[in-house]
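**Q**
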Amino acid sequence: MNWSAVRAIYVFEMARFFRTIAQSLISPVLSTSLYFVVFGAAIGSRIQEVEGVSYGAFIVPGLVMLTVMTQGISNASFGIYFPKFIGTIYELLSAPVNFLEIVMGYVGAAATKAMFIGVVILITSFFFVDITIQHPLAMVAFLVLTCVSFALFGFIIGIWAGSFEQLQLVPLLIVTPLVFLGGSFYSISMLPPVWQTISMFNPVVYLISGFRWSFFGLADVPILTSLLAIAGFTGLCLGAIWWIFKSGWRIRQ
Amino acid sequence: MAPILSIKNVRKAYDDGFEALKGVSLDIEEGEILALLGPNGAGKTTLISTVCGITMPTAGTVTVAGHDIVRQYRAARSLIGLVPQEIALEPFEKVINTVRFSRGLFGKGRKDSAVEDILRRLSLWDKRNNQIRELSGGMKRRVLIAKALAHDPRVLFLDEPTAGVDVELRKDMWDIVGQLRADGVTTILTTHYIEEAEAIADRIAVINDGEILLVEDKDKLMTRMGQKQLIVQLTDPLSKVPAALADYALVLGKDGQSLVYTYDTKSERTGITRLLQDVAKAGLHLRDVETQQSSLEDIFVSLVHKGEDAA
Ligand SMILES: Nc1ncnc2c1ncn2[C@@H]1O[C@H](COP(=O)(O)OP(=O)(O)OP(=O)(O)O)[C@@H](O)[C@H]1O
Ligand SMILES: [Mg+2]
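Chains as they are written, first to last, in the working numbering: chain A, 12 to 264; chain W, 5 to 315.
#1: Does any residue of chain A have a CB that is nearer than 8 angstroms to the CB of W:Pro88?
#2: According to a CB-to-CB cut-off of less than 7 angstroms, which residues of the segment 43-65 of chain W neighbour chain A?
#3: Short check: CB of A:Val205 to CB of A:Ile84, under 8 angstroms?
#4: Measure how close the beta-carbons of W:Gly214 and W:Glu23 come, nearest whole angstrom, since I'm counting them as under 8 angstroms.
#5: Fully enclosed by the segment 96-141 of chain A, which alpha helix (DSSP H) runs are 4 residues long or longer?
#6: Determine the direct distance from the alpha carbon of W:Lys222 to that of W:Lys175, and round the result to whole angstroms.
#7: Give the range of the alpha helix (DSSP H) segment to which A:Gly246 is assigned.
#8: Please list the segments of the beta strand (DSSP E) lying wholly inside the segment 176-201 of chain W, counting only runs of 3 or more residues, in order along the chain.
#9: Please indicate yes or no: does the CB of W:Ala46 lie closer than 7 angstroms to some heavy atom of ligand 1?
#10: Indicate whether the contact test is met: 3 or more Cβ pairs, each with one atom in the segment 238-253 of chain A and one in the segment 5-13 of chain W, closer than 8 angstroms.
#11: Considering only heavy atoms of ligand 2, does any lie closer than 7 angstroms to the CB of W:Asp163?
#12: Would you identify the three-state DSSP class for W:Thr277, choosing helix, strand or coil?
#13: Out of W:Thr190, W:Ser306, W:Val210, state which residue places its alpha-carbon closest to the alpha-carbon of W:Gly45.
#14: Assign A:Trp14 to buried or exposed, taking buried as 16 or more other Cβ atoms, counted over all protein chains shown, within 10 Å of its Cβ.
#15: Secondary structure at A:Asn86, three-state DSSP: helix, strand or coil?
#16: Just the Cα atoms here: how many angstroms apart are W:Glu36 and A:Leu103?
#17: Confirm, please, whether the CB-CB distance from W:Val264 to W:Leu280 is below 8 angstroms.
#18: Taking buried to mean at least 16 other C-beta atoms within 10 Å of its own C-beta, is W:Tyr317 buried or exposed?
#19: Is the CB of A:Val108 under 8 angstroms away from at least one CB in chain W?
#20: Give me the Cα-Cα distance between W:Arg107 and A:Ile113, rounded to the nearest whole angstrom.
#21: So W:Val236 and W:Ser262 are in contact, right, with Cβ under 8 angstroms, and what is the actual spacing, rounded?
#22: Rounded to whole angstroms, what's the CA-CA distance from W:Lys270 to W:Met226? Just pull it up for me.
#23: What does a CB cutoff of less than 6 angstroms around W:Val169 pick up in its chain, not counting 5 residues either side in sequence?
#24: Taking Cβ positions, are A:Tyr101 and W:Ala92 nearer each other than 8 angstroms?
#25: Count the other CB atoms, across all protein chains shown, that sit within 10 Å of the CB of A:Leu41; report buried if there are 16 or more and exposed otherwise.
#26: Quick one: does A:Ile97 have its CB under 8 angstroms from some CB of chain W?
#27: Any Cβ of chain W within less than 8 angstroms of the Cβ of A:Arg261?
#28: Can you name, in chain order, every residue of its own chain whose Cβ lies under 7 angstroms from the Cβ of W:Lys131, other than the five neighbours on each side?
#29: Is there a Cβ of chain W sitting closer than 8 angstroms to that of A:Ala68, yes or no?
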């Protein structure tokens, strides 16, 4: 293992994050606060409670997940797309590194950033609602796994993308709908039966459900299923990246 | 001694089917400076990219200090430094950080003294804390060189290091390459400037259309170029070289209007005086006299054109 390369990539990517730390944080914090105002205050005054949890608190895990997933994807996809775009990828391709080291550097940094922002969102939410976390360890585990797996997914998008438009396309067309329909703002059990069945095909449901369980002890699907789902997703992404580097798809002519 | 870089029958076809390298073989000795000359699209960058791992060869093998670039890519690549043709740098990063990054990426631990040494050598130390976007084009090129040298490579590729660079910086580059050679670094550089190859290379290779047309010691080429031709224009055309001038190995020029005499500028006696006297004695009338020297440029152009005519 070329650990020095992993560290070099990680440090370089984190430096990019800290250069623009204000922008990186302002927009997620602002939008989360808006969600609290809109969903928590406006809608929450009508719904009040979901399965014994106040609606304002109920949406917190979903909001954190929403942020972490979109941030993981956008950070990782941009992180690898940008070198392709400005041409600095030549250095990566000519360096004595294998795919695992490149992935650990880029995905590690992207996941760290997403995690950082996720924690900031969580802290922000403490200002709006009272929450206690019943299973802190599970909470951290779900958070880390989600950051990593979505960063892996973002990495694939970044390699696939041939333009900035395409870079935005997948998150916009696929990820955002899945995340919004994944139960961030409601419990799946609140849906009509048909939609409950359809929701079971949405992988995000499993993540949000598991994450919410670590807060309140209530879940839409069994916790083990959630864990398996996220592990499977991570494995799938890793496999795809391994194949990409082996075949040189979209990176090496 | 085994060559430090050995390229054997390398072919490269791009995805669109275009064959940019058509079986290139080239051995490069440790410590030498090789200039790779060739017109636009000849395959210079493709060859370098293949050796460095940026593109995959379709066929053939390359070894660096005995390490195969595909099977033993780690060992091979850690010995290579690459300065690409196009300037590609992270615009918002500081100079010193990009150099540290390169060093780390190539598996060397952080060593500030080494980085400082390189930056000083390339006159970038004063700019170390500037963002890349604040540098001039020539400085950016030097940052690329600094990055390529950050891990102490033994083989350095410079893809047109002096394109768009002013005279002074070009001299600087030559000095840098010279210093590197003193340290035992092998350098392969591509260039369109023949004077550049003349000024710094030990050997010169000419590539066109994906094929190496010539590899020769620069000195040998220079001797070839040391040959000069004296062209004697005549008032009255001749049908053949007069017998009285048989000793000079003269060639009759176009339409018999001139006589061409080839001599070596470096020899003690060029024989010009005697020839001209003999020409007068033979009763020929001179209209004009001119001399021509074949330059590396002529050799280059004639090689490339010969290839094109054959195609
Ligand atoms: N990615 C690519 N896909 C298809 N063809 C390519 C690709 N890169 C280069 N080529 C083709 O390969 C040939 C050789 O290109 P290359 O860049 O190696 O030339 P070069 O000798 O470096 O030229 P220059 O002096 O202009 O830099 C050209 O015909 C070029 O069009
Ligand atoms: Mg080129």
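Built from N, CA and C at the ideal position, the CB exists for glycine as well.
**A** According to the structure data:
#1: Within the second sequence, the letter at position 84 stands for residue 88 of chain W. The C-beta of W:Pro88 comes closer than 8 angstroms to at least one C-beta of chain A.
#2: Those residues of the segment 43-65 of chain W that come within reach of chain A (Cβ to Cβ, closer than 7 angstroms) are Cys56, Gly57, Ile58, Thr59, Met60.
#3: Within the first sequence, numbered from 1, the residue matching residue 205 of chain A stands at position 194. Within the first sequence, numbered from 1, the residue matching residue 84 of chain A stands at position 73. Not in contact: A:Val205 and A:Ile84 (Cβ atoms no closer than 8 angstroms).
#4: As a working note, residue 214 of chain W is residue 210 in the second sequence. As a working note, residue 23 of chain W is residue 19 in the second sequence. The Cβ separation is near 6 angstroms, so the contact holds.
#5: Taking only runs of at least 4 residues, the alpha helix (DSSP H) segments lying wholly in the segment 96-141 of chain A are 100-104, 110-137.
#6: To locate residue 175 of chain W, count along the second sequence from 1; it is residue 171. To locate residue 222 of chain W, count along the second sequence from 1; it is residue 218. Going by the C-alpha atoms only, they are around 19 angstroms apart.
#7: Your numbering for residue 246 of chain A matches position 235 in the first sequence. Segment 234-258, the alpha helix (DSSP H) holding A:Gly246.
#8: Within the segment 176-201 of chain W, the complete beta strand (DSSP E) runs of at least 3 residues are 190-195.
#9: As a first step, residue 46 of chain W must be located in the second sequence, where it is residue number 42. If you check the C-beta of W:Ala46 against ligand 1, you find a heavy atom less than 7 angstroms away.
#10: Taking 8 angstroms as the limit for Cβ pairs, the verdict is that the segment 5-13 of chain W does not touch the segment 238-253 of chain A.
#11: Sequence index remark: in the second sequence, residue 163 of chain W carries index 159 (1-based). True, at least one ligand heavy atom lies under 7 angstroms from that Cβ.
#12: The count along the second sequence starts at 1 and reaches residue 277 of chain W at position 273. Residue state, collapsed to three classes: helix.
#13: Looking up residue 45 of chain W in the second sequence gives position 41. When each option's Cα is compared against that of W:Gly45, the closest is W:Val210.
#14: The residue given as residue 14 of chain A occupies position 3 in the first sequence. By the C-beta density criterion, A:Trp14 is exposed, having fewer than 16 other C-beta atoms within 10 angstroms.
#15: Taking the first sequence and counting its residues from 1, one reaches residue 86 of chain A at position 75. If DSSP states are grouped into helix, strand and coil, A:Asn86 belongs with the helices.
#16: Sequence index remark: in the second sequence, residue 36 of chain W carries index 32 (1-based). Sequence index remark: in the first sequence, residue 103 of chain A carries index 92 (1-based). The alpha-carbon atoms of W:Glu36 and A:Leu103 are separated by roughly 27 angstroms.
#17: Translated into the one-based positions of the second sequence, residue 280 of chain W becomes position 276. Translated into the one-based positions of the second sequence, residue 264 of chain W becomes position 260. It is not a contact, given that the beta carbons lie outside the stated cut-off.
#18: Outside the displayed range of chain W (5 to 315) lies residue 317 of chain W, so it cannot be described from this structure.
#19: Residue mapping note: residue 108 of chain A aligns to position 97 of the first sequence, counting from 1. True, the Cβ-Cβ gap to chain W drops below 8 angstroms.
#20: Indexing the second sequence from 1 puts residue 107 of chain W at position 103. Indexing the first sequence from 1 puts residue 113 of chain A at position 102. In a straight line, the C-alpha of W:Arg107 is about 15 angstroms away from that of A:Ile113.
#21: Stepping through the second sequence from its first residue, residue 236 of chain W is reached at position 232. Stepping through the second sequence from its first residue, residue 262 of chain W is reached at position 258. About 6 angstroms separates the two Cβ atoms, so the contact holds.
#22: Taking the first residue of the second sequence as 1, we reach residue 270 of chain W at position 266. Taking the first residue of the second sequence as 1, we reach residue 226 of chain W at position 222. If I take the Cα positions, the gap works out to 11 angstroms.
#23: As a first step, residue 169 of chain W must be located in the second sequence, where it is residue number 165. Only Gly142 meet the Cβ criterion.
#24: Numbered from 1 along the first sequence, position 90 holds the residue referred to as residue 101 of chain A. Numbered from 1 along the second sequence, position 88 holds the residue referred to as residue 92 of chain W. Yes, they are a contact pair.
#25: Residue numbering aside, residue 41 of chain A sits at position 30 when the first sequence is read from its first letter. Exposed.
#26: Your numbering for residue 97 of chain A matches position 86 in the first sequence. It does; some Cβ of chain W falls within 8 angstroms.
#27: Working through the first sequence from its first residue, we reach residue 261 of chain A at position 250. Taking Cβ atoms only, chain W never reaches closer than 8 angstroms to A:Arg261, which makes this a no.
#28: Within the second sequence, the letter at position 127 stands for residue 131 of chain W. Val99, Leu139, Met143.
#29: For the purposes of this step, residue 68 of chain A is taken as residue 57 along the first sequence, with counting starting at 1. Cβ-Cβ to chain W under 8 angstroms: no for A:Ala68.
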